[in-house]
Amino acid sequence: MTFNLEIDGQIRQVEIDPADPPGQWRIRIDGEEVEADAHLIRPGVMSLIIAGQSHRLVLDAHPTEPALHAGPQRIPYRVEDPRSLRSRRRHAGSASPLPVRASMPGRIVRLLVEKGEVVAAHQGVIVVEAMKMQNELKSPKNGRVAEIRVSPGDTVAAGDILAIID
Amino acid sequence: MTFNLEIDGQIRQVEIDPADPPGQWRIRIDGEEVEADAHLIRPGVMSLIIAGQSHRLVLDAHPTEPALHAGPQRIPYRVEDPRSLRSRRRHAGSASPLPVRASMPGRIVRLLVEKGEVVAAHQGVIVVEAMKMQNELKSPKNGRVAEIRVSPGDTVAAGDILAIID
Amino acid sequence: MFRKILIANRGEIALRILRACRELGISTVAVYSDADRAAPHVLEADEAYRLGPPPAPESYLRGDLILDIARRTAANAIHPGYGFLSENADFAQACEDAAIRFIGPRPSAMRILGSKTNARQAADEAGMPRTPGCVHGLASPEEALDVAAAIGYPVMLKAAAGGGGKGMRAVLRAEDLPSAFASASSEAERAFGSGEVYLEKLIERPRHIEIQLLADENGHCVSLGERECSVQRRHQKVLEEAPSAVVDEDLRRRMGEAAVRLALSAGYTNAGTVEFLLDGDRNFYFLEMNTRLQVEHPVTELVTGHDLVHLQIRIAQGEPLPFAQRDIHLRGHAIECRIYAEDPGNNFMPSPGRITRLLQPGGPGIREDSGIYEGWVVPVDYDPMLSKLIAYAPTRALAIARMLRALDEYVIGGIRTNLDLFRQILRDPDFRAAGIDTGYLDRLLAASSPDQVNPASSAPAIAAVAIFEATKNASNGSAAALPSSASAWKTAARREGIGGTDWTPRRP
Amino acid sequence: MFRKILIANRGEIALRILRACRELGISTVAVYSDADRAAPHVLEADEAYRLGPPPAPESYLRGDLILDIARRTAANAIHPGYGFLSENADFAQACEDAAIRFIGPRPSAMRILGSKTNARQAADEAGMPRTPGCVHGLASPEEALDVAAAIGYPVMLKAAAGGGGKGMRAVLRAEDLPSAFASASSEAERAFGSGEVYLEKLIERPRHIEIQLLADENGHCVSLGERECSVQRRHQKVLEEAPSAVVDEDLRRRMGEAAVRLALSAGYTNAGTVEFLLDGDRNFYFLEMNTRLQVEHPVTELVTGHDLVHLQIRIAQGEPLPFAQRDIHLRGHAIECRIYAEDPGNNFMPSPGRITRLLQPGGPGIREDSGIYEGWVVPVDYDPMLSKLIAYAPTRALAIARMLRALDEYVIGGIRTNLDLFRQILRDPDFRAAGIDTGYLDRLLAASSPDQVNPASSAPAIAAVAIFEATKNASNGSAAALPSSASAWKTAARREGIGGTDWTPRRP
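Chains as they are written, first to last, in the numbering used here: chain A, 929 to 1094; chain B, 929 to 1094; chain C, -9 to 498; chain D, -9 to 498.
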């Protein structure tokens, strides 16, 4: 099995094959081989031993951002469909459109950009209020606002796509 | 939904219907009506409020004996197929055959009865050894040994049927 | 003796009180809003009754409904916990009128000490040092200017009915005072239903030190030592410890005696806390009194060895305190972290939602007072506190090390929490040297970059994602399953045969 | 300072030692058998290495493999825990030879105090009271008859290398002695590889009281008070407490001083326990010394406020004890229950298997040293201890109440446990009055009917089964699902709209 993994802003190519006995895996990360011994403690909690080092890894089933707890660290990641990645690589320089999603339920307070506007990565795009606190949602990339799907006063659910940055 | 429940040596007829709003149930136990408000805490763990009394009930998924933890009590139970019960009631006085099962993995040490022998409920039938301790398996009912499926020296798994009492 | 107590609260404190009742052989009545039907305090109580919809004014603040349930269930007493109705003298009075014991001080004492201006007058009468400033509400901006001129700038405007930073303004110069007065007053009006504000001298870089009191109904009052609560974010406590690293025996005795004097002068009974500011020269100034159990009471329990909720109940039953001041000895050091559903990386936005994964710490010296479980959905309607994690050890340094160990064992998935914030505090050299004041945490947060760079993702994390992906469909049989404890056992059992095991019955 | 410690054990004690190492900033190496690949001590360690198949002689008793792993990982020290290699002087010697610190006493002290006959000689030299009888192994039944005649019947035959009731026989009359001698000797030979037996006067209805010692490598030794371990089943401890209800300051001091003298006379270092029998007139008799950490050490930690594993490590590093005898003060009362996978209703048969459901207790005064999790399969290969549940409270009565509260919160499903046994003990009037001796529990069990009649099954249990049945297929959508925390939240969120919530940012 081969797939691409977006983790900490980097894209890594990962190849994985089960080995013997059960629980042993051969994994290549960008070509570099790792032998891992994995046991499940309970659903989503894995004991992993790599070259004698013992690790506890816990899947964080966050609704919008899958992540892994590795020791004290919470590491967000995204598993990419190999095809979409290939197509992205082909059109190098013009990355695919990315959504701005609500990270929690709330109400739209105001829009900070307009459709067609050029935005920088991490620039504020939309302000959402929940539990009497305001939260500025940021652009995931440098690009142009392709679409805005909400207006001030709308209520939104966690994970809703509020805008698309092209 | 109607079924029969064997619990603490008694057989109770239980009828259950969902009520409104979700979580409310109307339950008749041998004709006596109970209104229950049930919420799931996590799989197998239920919060039940009946007439203001709050109960924590936990399913004990034991391999051979389903049971419920109700407060500090562990209550074994068996849900009966309505048909088999009806047939049992029709032939009142001659209950159906019951198995003697291994309650844990072990090795057969000796047989205390022979095929055809008359046995009383709770009479020792077969001795099993595990972890250097011996365990006497008892007859589930008054009856006759219809079948013995093991011999001394055999190893058995938890839940295996070792004999049938008719 | 009480036979039955109604617990008019939710979350960890409801569960904590419920456990105390059970230990004393008292049965318990829980109340809940619709958001809390599946909450731990409902699950563990003997009886449980619905109050209403999730918003607190329609549920946990409905004193009328709560009293009605107490009457119907024949509860002898109501424990209000903290927050909600705990400092509401009218509710305490209604309980008294209904012949149901309110577990806390009498309404009269609550009225004196619950208002900050009244409490400042009581402090004066008890001969207790307080911050310079007024002891009555300010009638006008002009009066505020006069008082400020007399005590000197910088000054602090505060709401008389307030707390938690609401209606509070630091004012450095006279020209800023009139507008600060207006905004503080209107904020106080909105938050507490009273616009009364007063003014006191601003103590620079103070430590927040508070004294725990217990007073029985026979006029016997003891101090159970201090807690240091200087680690605050925007005037809200985040981490507390006992004892304080800067309070010695002499200062502890003097603060304790002052606090006891104040309580006795107001006829105070039950548990209460007197809050002080401590300046750089270790002068202490009365700040306010909290007429209830505090969130941070466990650190005092760990260093004194006493159970404050047991004692609250016993005092309310009319029992005398079972110890005298000379019997109170502090031992070891305790630290509490308030674990919140909030995102420190995103301006501390609350992060309600479903807890999809929960691994809780344990072992020596770790106590967790928690109100959550795996699968619990943190409601949007209340304070987002999930749990209080408390570490106890012989010394402050070991308590810090133990807390860090426990934090590393703790995993909360599905929502964001402030677990990382505590790692940052506990590793900070200033905190470790006890160089803290009430501005400490805000400075620490301002200094640390909000967008922390993650360390390079490591091979174990990538390998784990890969294995989780490769075994995702294992339950359908379509892919290799990950072996677990059960498979190891099966393999071993098959190989060994059951008779060949070497279990030795001796237990050391 | 040690950089790295290998923990040559499994289960709760491995995890407990691992946590101590982490708190002291020392990295950890776990070892495991095939049955323990998914065990908590493997999961939480920094490094983990396989030893071999499940049986202890092929894994945790393989000192050679363990030393090899310690060498390869550059571990500075090995902590043996209890059981397995912890009292093996040859292993301790092998560690010393490999320049790896064995965290425990020197092999020479282990050899003196590990043999019961040698230890009895040392007790005589230290001027410590012991039971009348011999201080050497008995050469023949005739010698046994002579000794018994001299001290008078009843007498007790014991294995010199023994423990846990193996090779032990009470003898009431001379005519029974020769056959008892033969069977005790052959049982000892089988269990310990040495048939050496000795004989002592049988103390009637004794209490088992033991003194915890800590000795540093500078000749400084202190006693940390006593533990009462009289609640035993067939000579195996089941429940322990500290302090003992019958030991006063004077007796504590005298027993402590005697224990310290013995330890110093043998050049003992690190943690150790001197076991005594106490007769009805409160005379104490030396029984044996355990040259390692005890299972029941947590009750001492809770009443003294010290961490014995921290101190073991610091002593092994050559540090002096950080306190003197006069600094040791006992506070409050602690009780430990050893939770086993065994079935008290079925002759205490071990009950290995998968833990399908686990609800663990928590809150004030409860410590759990556990080695299990939901889904863990208790292996058939080792002692079936699952967990140690420890309750601490200001008084013995409250510690009992607290333990009962915690036991009621505890649910272990899928296997049988002895949780109910503890409820029975803690509710027993004799136990509550501290009227216990080493025969107490066997008498209690003999008196209670083995086939306890269950109370009539109640409506809640039947209703719960009915609802579980009715919702069994809910995940397939074929039946009504049971609402959970999540559904309550969704309903509320829909109804309220998110802007209308009343979350108040103030935190008490």
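From the three backbone atoms N, C-alpha and C, an ideal C-beta is built for every residue, glycine too.
| Item | Value |
| --- | --- |
| Where Leu311 (chain C) falls: helix, strand or coil (DSSP) | coil |
| Paired residues, beta bridge with Asp945 (chain B) - DSSP | B:Arg954 |
| Touching by the beta-carbon criterion (3+ pairs, under 8 Å), the segment 205 to 224 of chain C and the segment 429 to 437 of chain C | yes |
| Extent of the continuous alpha helix (DSSP H) run through Tyr258 (chain D) | Where Tyr258 (chain D) is concerned, there is no enclosing alpha helix (DSSP H), given that its DSSP letter is neither H nor E. |
| Residue burial classification, Lys106 (chain D) (beta-carbon count within 10 angstroms, cutoff 16) | buried |
| Cβ of Val367 (chain C) within 8 Å of any chain D Cβ | yes |
| Rounded distance between the beta-carbons of Gly352 (chain D) and Arg392 (chain D), thought under 8 Å | Rounded, the Cβ-Cβ distance is 12 Å, inconsistent with contact. |
| Distance between Leu1039 (chain B) and Gly1081 (chain B) (C-alpha atoms, nearest Å) | 11 Å |
| Selected residue, minimal CA-CA separation from Asp988 (chain B), among D:Val370, D:Pro374 and D:Arg344 | D:Arg344 |
| Inter-stretch contact at 8 Å, needing at least 3 Cβ pairs: the segment 384 to 400 of chain D / the segment 293 to 308 of chain D | no |
| Members of the segment 315 to 341 of chain D that neighbour chain B once the beta carbon cut-off is set at 7 Å | Asn336, Met339, Pro340 and Ser341 |
| For Thr294 (chain D), the first and last residue of its enclosing alpha helix (DSSP H) | His287 to Thr294 |
| Sequence-distant residues of its chain with Cβ nearer than 6 Å to Met1027 (chain A) (five each side left out) | The residue you asked about is not Met; residue 1027 (chain A) is Pro in the sequence shown. Around Pro1027 (chain A): Ile1089 and Ile1092. |
| First and last residue of the uninterrupted alpha helix (DSSP H) at Glu961 (chain B) | From DSSP, Glu961 (chain B) is part of no alpha helix (DSSP H) but of the beta strand (DSSP E) over Glu960 to Arg970. |
| Nearest-angstrom Cα separation, counted from Ala(-2) (chain D) out to Glu48 (chain D) | 13 Å |
| Interface positions of the segment 34 to 48 of chain D facing chain A (Cβ-Cβ less than 8 Å), listed along the chain | Glu34, Ala35, Asp36, Glu37, Ala38 and Tyr39 |
| Exposed unless 16 or more other CB atoms sit within 10 angstroms - verdict on Ala89 (chain C) | exposed |
| Under 8 Å between C-beta atoms of Leu311 (chain D) and Ala261 (chain D) | no |
| Residue closest to Gln414 (chain D), alpha-carbon to alpha-carbon, out of D:Arg406, D:Leu435, D:Val187 and D:Leu301 | D:Leu435 |
| Straight-line gap, Ile955 (chain B) to Gly403 (chain C) (C-alpha atoms, nearest Å) | 37 Å |
| Leu968 (chain A) versus D:Phe92, D:Asn78, D:Glu364 and D:Ala181, residue with shortest Cα-Cα distance | D:Glu364 |
| Per-residue contacts from Pro473 (chain D) into chain B (C-beta, under 9 Å) | Pro949, Pro950, Gly951, Ala966, His967 and Leu968 |
| For Gly335 (chain C), the three-state DSSP class (helix, strand or coil) | helix |
| Buried versus exposed, by CB contacts within 10 Å (16 or more), His1050 (chain B) | exposed |
| Candidates B:Arg970, B:Asp965, B:Pro971 and B:Val986, of which the one nearest Ile977 (chain B) by Cα | B:Asp965 |
| Chain B within 8 Å of Val228 (chain D), Cβ atoms only | no |
| Residue-chain proximity (Ile346 (chain D), chain B), Cβ-Cβ < 8 Å | Position check: residue 346 (chain D) holds Thr in this sequence, whereas Ile was assumed. Answer yes: the Cβ-Cβ gap between Thr346 (chain D) and chain B drops below 8 Å somewhere. |
| Any chain C beta carbon closer than 8 Å to Ile(-5) (chain D) | no |
| Beta carbon proximity, Gly1081 (chain B) to chain D, threshold 8 Å | no |
| Contact check, Val501 (chain D) vs Arg328 (chain D), beta carbons under 8 Å | No information on residue 501 (chain D) is available, as it lies outside the stretch -9 to 498 that chain D covers here. |
| Leu267 (chain D) and Ile193 (chain D) closer than 8 Å at C-beta | yes |
| Ile939 (chain B) at chain D interface by Cβ criterion, 8 Å | no |
| Pro946 (chain A) to Ser474 (chain C) span [Cα, whole Å] | 15 Å |
| Chain-ordered chain D contacts of Ala1048 (chain B) [CB-CB under 8 Å] | Per Cβ cutoff of 8 Å: no residues; Ala1048 (chain B) is ~14 Å from chain D at best. |
| Beta-carbon proximity of Leu167 (chain C) to Cys211 (chain C), cut-off 8 Å | no |
| Interface positions of the segment 975 to 990 of chain A facing chain D (Cβ-Cβ less than 8 Å), listed along the chain | Ser975, Ile977, Gly980, Gln981, Ser982 and Arg984 |
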